[in-house]
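In the numbering used here, the protein residues as written are 160 to 420.
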Amino acid sequence: MSSTPASGAGAPEEPQGLEHWQGDALVVGGGGIGLALLEALAQRAPGLRLWATSRRPWPAGSVVPPERVLDLDLTDDSSLEACTSRLQDEDVRLRLVINTAGLLHDGALQPEKRLQQLRRDSLQRLFSVNAYGPVLLARALEPLLPRQKPLHFASLSARVGSIGDNRLGGWYGYRAAKAAQNQLLRCLALEWERRLPLACVSLLHPGTTATALSEPFRRSVPAEQLFTPERAAHHLLAVIAAQTPAHSGRFLAWDGTLIPW
Ligand SMILES: NC(=O)c1ccc[n+]([C@@H]2O[C@H](COP(=O)([O-])OP(=O)(O)OC[C@H]3O[C@@H](n4cnc5c(N)ncnc54)[C@H](OP(=O)(O)O)[C@@H]3O)[C@@H](O)[C@H]2O)c1
160 MSSTPASGAG APEEPQGLEH WQGDALVVGG GGIGLALLEA LAQRAPGLRL WATSRRPWPA
220 GSVVPPERVL DLDLTDDSSL EACTSRLQDE DVRLRLVINT AGLLHDGALQ PEKRLQQLRR
280 DSLQRLFSVN AYGPVLLARA LEPLLPRQKP LHFASLSARV GSIGDNRLGG WYGYRAAKAA
340 QNQLLRCLAL EWERRLPLAC VSLLHPGTTA TALSEPFRRS VPAEQLFTPE RAAHHLLAVI
400 AAQTPAHSGR FLAWDGTLIP W
């Protein structure tokens, strides 16, 4: 696919290394990439107080203690409201949010290979998590975002959500939901450019990564192109750390290259 370097002329300021970041960081989703991002943040950004969300039992010995893990379902407005209230009670000021929640398959829900496999309820579920979830998360967290301090809101998208790069077809619902997420967060980036001028919104493709989400579909992926969650987290943090508010609203791959919308 064609990709373009995302850095270069036009960046008004040097990004600050993660080791200097201060404040609270929230990682949404305790799946493969979410947990690896938390581990990596604990090592590379010691000035951040880490928060996590998960709907499953939290692993013992995690870098995030259980009292800073919130039970959040992105498809449930009352769950989002409870998350905001809890973080407000704790006087959280978010420096970094990374949404890692995503849905590709789940029991009867499987990516469609043909038109006749499309189901209304499956499309609705895919959009609820992958498209509406991230922007409604941003709406819920907005009261916790500082206006006068830098802030990064990153959400994991997927290269297959690129319309310009869609050469294979299939996976109608997941592709379309990720494309919709991209548009919704692009709108958010433009709104925050005016209202939160130090904010940066990024849509990130982690690369094919060995997690439960990719497990049924990665047999044809060459071993050297399949990332461990730790490697994906390492790449994603490097990309996030390189972005400034002037870069807000971009769709970026794990290596920092722009992905066509
Ligand atoms: N793995 C890959 O090859 C790959 C490639 C491209 C893009 N991505 C994207 O990367 C992101 C992370 O995926 P992963 O590989 O780490 O998959 P994963 O291990 O299956 O994790 C998926 C996460 O999504 C969360 N989630 C699903 N539905 C949710 C809901 N209704 N509310 C809140 N959280 C919900 C799960 O939360 P719980 O912890 O609560 O279960 C889990 O943490 C996803 O957005 C995925 O689309 C992955």
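All residues carry an ideal CB built from backbone N, CA and C; glycine is no exception.
The straight-line gap separating the alpha-carbon atoms of R334 and D324 is approximately 11 angstroms. Cβ neighbours of W330 within its own chain (closer than 7 angstroms, five residues either side excluded): P270, E271, V319.
Taking the Cα of T259 as reference, the smallest distance to any Cα among P309, L197, R377, W180 is reached at L197. Looking at P224, A199, H179, I192, the one whose alpha-carbon comes closest to that of G206 is H179. Counting only runs that start and end inside the region 349-374, the beta strand (DSSP E) elements of at least 3 residues fall at 358-364. If you look at A195, you'll find it in the alpha helix (DSSP H) that goes 191-203.
Distance from the CA of R203 to the CA of L177, rounded to the nearest whole angstrom, comes to 6 angstroms.
In this structure A184 is in contact with R254, their Cβ atoms being roughly 6 angstroms apart against a cut-off of 8 angstroms.
A heavy atom of ligand 1 is found nearer than 6 angstroms to the CB of P365. Listed in chain order, the alpha helix (DSSP H) runs fully inside the region 253-317 are 279-286, 292-300, counting runs of at least 4 residues.
Taking non-hydrogen atoms of ligand 1 into account, the C-beta of T416 is found less than 6 angstroms away from none of them. CA-to-CA, the gap between R298 and G189 works out to about 21 angstroms. Ranked by Cα distance from H393, the first of A201, Q307, L282, S361 is A201. Remark: the C-beta of A338 is outside contact range of ligand 1, defined as less than 6 angstroms to any heavy atom. The beta carbons of L239 and W210 sit about 14 angstroms from each other, so the pair does not count as a contact at 8 angstroms. Excluding sequence positions up to five before and after L372, its CB lies within less than 6 angstroms of the CB of L263, all in the same chain and listed in chain order. In the DSSP assignment, R409 is bridged to S361. Spanning the alpha carbons of R345 and A313 requires a straight line of approximately 11 angstroms.
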